[in-house]
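What follows is a single structure, written as structure tokens, with notes after it.
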């Protein structure tokens, strides 16, 4: 179901007013964190699976002012879903995409919501899924900005993987373990990073059936806390990718038992079973090494320039406050040498009484 484009979108203003829903988001631009936050209005994000992760990601992106969301799912809301966030008991029986659309439009009516109540794994639906990747942008004549996989089964992940390899579409994969004690997000760039078929789950790589791990009368555990953490990671990463700030990890994991967050790159498998993945790898291999190095150098330089800009603004904020107070971590000697004469140092072990005494001495000068 494709919704018609609203006649107008609200201008994203940076004015600080209580009735401006975007003022605190636009503060990221004023602080130099994001160069052009309002660019988010021009992006479209396609989400497959609006369950424990996908529904929360959709809500976060809606609150962030994304231009358009395309939601794919074929499940209905059940009371068993109430242990997760976003859905309400009153949504019971509704298609998840329709329940999500209703809530998201109430949160932010500026966001275009397009819903597809379908299983993308069937042949006909797969073609429609690919068509919406190609033409799902705000104008309806170009590809979406990014695809997000928030599904809970191998078949759907492989379907998304096939479509994105075929269309040369960058996407993010996400998931939470059966025990609800771990999860991950993964950045997939066809030909450059590992695709989902490059490193299949062990049960699949051994020619097994993923359904064999499911037992009669036993369902996977689900914690809203773990789902929320993974959804937060995914939403944050999408913002970093779309608005070009910070660093996007190829793989980021989470272990709830030990608070362990592994990060590492994932290169493609030259013997991947996905033919399109192998084709994309060959295309990427023909990119001149000098061009790859130049791109890497450019990205590194831009990140360094942004980091410097943010630090300069932080320094300015410290020196322009009424008391000239800054935090002294005692680690950067060069920064300490540049302190103005009228300066109050806040030491970690300093008491409030000592701080007030120092402030009075400064005021007396």
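Residue numbers (the numbering used here): 3 to 367.
Each residue gets a CB set at the ideal place from its N, CA and C atoms; glycine is no exception.
Member of the options whose CA lies at the smallest distance from the CA of residue i
{"i": "residue 47", "options": "196, 137, 228, 273", "result": "137"}
{"i": "residue 52", "options": "229, 141, 263", "result": "229"}
{"i": "residue 250", "options": "147, 178, 257, 266", "result": "266"}
{"i": "residue 274", "options": "101, 248, 257, 199", "result": "199"}
{"i": "residue 128", "options": "262, 75, 109", "result": "75"}
{"i": "residue 58", "options": "34, 15, 83, 43", "result": "83"}
{"i": "residue 246", "options": "271, 45, 139, 232", "result": "45"}
{"i": "residue 120", "options": "104, 111, 100, 112", "result": "100"}
{"i": "residue 280", "options": "240, 197, 125, 232", "result": "197"}
{"i": "residue 144", "options": "153, 160, 171", "result": "171"}
{"i": "residue 81", "options": "73, 94, 71", "result": "94"}
{"i": "residue 41", "options": "92, 272, 289, 140", "result": "140"}
{"i": "residue 189", "options": "73, 270, 18, 28", "result": "270"}
{"i": "residue 111", "options": "153, 43, 257", "result": "43"}
{"i": "residue 276", "options": "126, 201, 257", "result": "201"}
{"i": "residue 372", "options": "56, 22, 288", "result": "The first residue shown for the chain is 3 and the last is 367, placing residue 372 beyond what the model contains."}
Helix, strand or coil at residue i according to DSSP, with G and I counted as helix
{"i": "residue 86", "result": "coil"}
{"i": "residue 250", "result": "coil"}
{"i": "residue 75", "result": "strand"}
{"i": "residue 15", "result": "coil"}
{"i": "residue 288", "result": "coil"}
{"i": "residue 198", "result": "coil"}
{"i": "residue 332", "result": "Confidence in residue 332 is poor, its pLDDT being 42 and thus under 50, which makes the residue's placement unreliable; the coordinate value appears in the next sentence. Reduced to three states, the DSSP call for residue 332 is coil."}
{"i": "residue 256", "result": "strand"}
{"i": "residue 234", "result": "helix"}
{"i": "residue 1", "result": "Any property of residue 1 remains undetermined from this structure, which presents the chain solely from 3 to 367."}
{"i": "residue 283", "result": "helix"}
{"i": "residue 185", "result": "strand"}
{"i": "residue 324", "result": "Annotation note: pLDDT 49 at residue 324 (below 50); position unreliable, no value reported."}
{"i": "residue 167", "result": "helix"}
{"i": "residue 190", "result": "strand"}
{"i": "residue 61", "result": "helix"}
{"i": "residue 125", "result": "helix"}
{"i": "residue 223", "result": "coil"}
{"i": "residue 32", "result": "helix"}
{"i": "residue 132", "result": "helix"}
{"i": "residue 275", "result": "coil"}
{"i": "residue 139", "result": "coil"}
{"i": "residue 144", "result": "coil"}
{"i": "residue 242", "result": "helix"}
{"i": "residue 180", "result": "coil"}
{"i": "residue 37", "result": "coil"}
Neighbourhood of residue i by C-beta, 7 Å cutoff - its chain only, sequence neighbours within 5 removed
{"i": "residue 162", "result": "50, 149, 151, 173"}
{"i": "residue 223", "result": "180, 181, 182"}
{"i": "residue 10", "result": "Residue placement at residue 10 cannot be trusted, given a pLDDT of 44 that sits under 50; the coordinates are not used to answer."}
{"i": "residue 24", "result": "14, 15, 67"}
{"i": "residue 61", "result": "88, 106, 109"}
{"i": "residue 333", "result": "Per-residue confidence for residue 333 stands at a pLDDT of 42, beneath the threshold of 50, marking its modelled position as unreliable; the derived number appears in the next sentence. Same-chain partners within the cutoff: there are none."}
{"i": "residue 85", "result": "224, 226"}
{"i": "residue 286", "result": "193, 194"}
{"i": "residue 243", "result": "148, 250"}
{"i": "residue 18", "result": "25"}
{"i": "residue 237", "result": "59, 62, 63"}
{"i": "residue 27", "result": "39, 66, 67"}
{"i": "residue 289", "result": "none"}
Beta bridge counterpart(s) of residue i as assigned by DSSP
{"i": "residue 25", "result": "BP columns for residue 25 are empty, so no partner."}
{"i": "residue 70", "result": "46, 114"}
{"i": "residue 151", "result": "50, 175"}
{"i": "residue 119", "result": "75"}
{"i": "residue 97", "result": "78"}
Proximal residues to residue i (C-beta, below 6 Å), its chain only, five neighbours per side dropped
{"i": "residue 30", "result": "36, 39"}
{"i": "residue 1", "result": "As displayed, the chain neither begins before 3 nor continues past 367, which places residue 1 out of reach and without an answer."}
{"i": "residue 77", "result": "98"}
{"i": "residue 278", "result": "167, 168"}
{"i": "residue 248", "result": "242"}
8 Å Cβ shell around residue i - same chain, five flanking residues per side excluded
{"i": "residue 20", "result": "none"}
{"i": "residue 22", "result": "15"}
{"i": "residue 272", "result": "280, 283"}
Supposed contact pair residue j and residue i - C-beta distance, whole angstroms, cut 8 Å
{"i": "residue 157", "j": "residue 123", "result": "5 Å"}
{"i": "residue 69", "j": "residue 114", "result": "7 Å"}
{"i": "residue 96", "j": "residue 79", "result": "5 Å"}
{"i": "residue 169", "j": "residue 135", "result": "6 Å"}
{"i": "residue 187", "j": "residue 235", "result": "5 Å"}
{"i": "residue 192", "j": "residue 167", "result": "5 Å"}
{"i": "residue 117", "j": "residue 103", "result": "5 Å"}
{"i": "residue 177", "j": "residue 231", "result": "With a Cβ gap of about 12 Å, residue 177 and residue 231 do not count as contacting."}
{"i": "residue 252", "j": "residue 268", "result": "5 Å"}
{"i": "residue 72", "j": "residue 146", "result": "7 Å"}
{"i": "residue 159", "j": "residue 133", "result": "The pair is not a contact, with the Cβ atoms about 20 Å apart (cut-off 8 Å)."}
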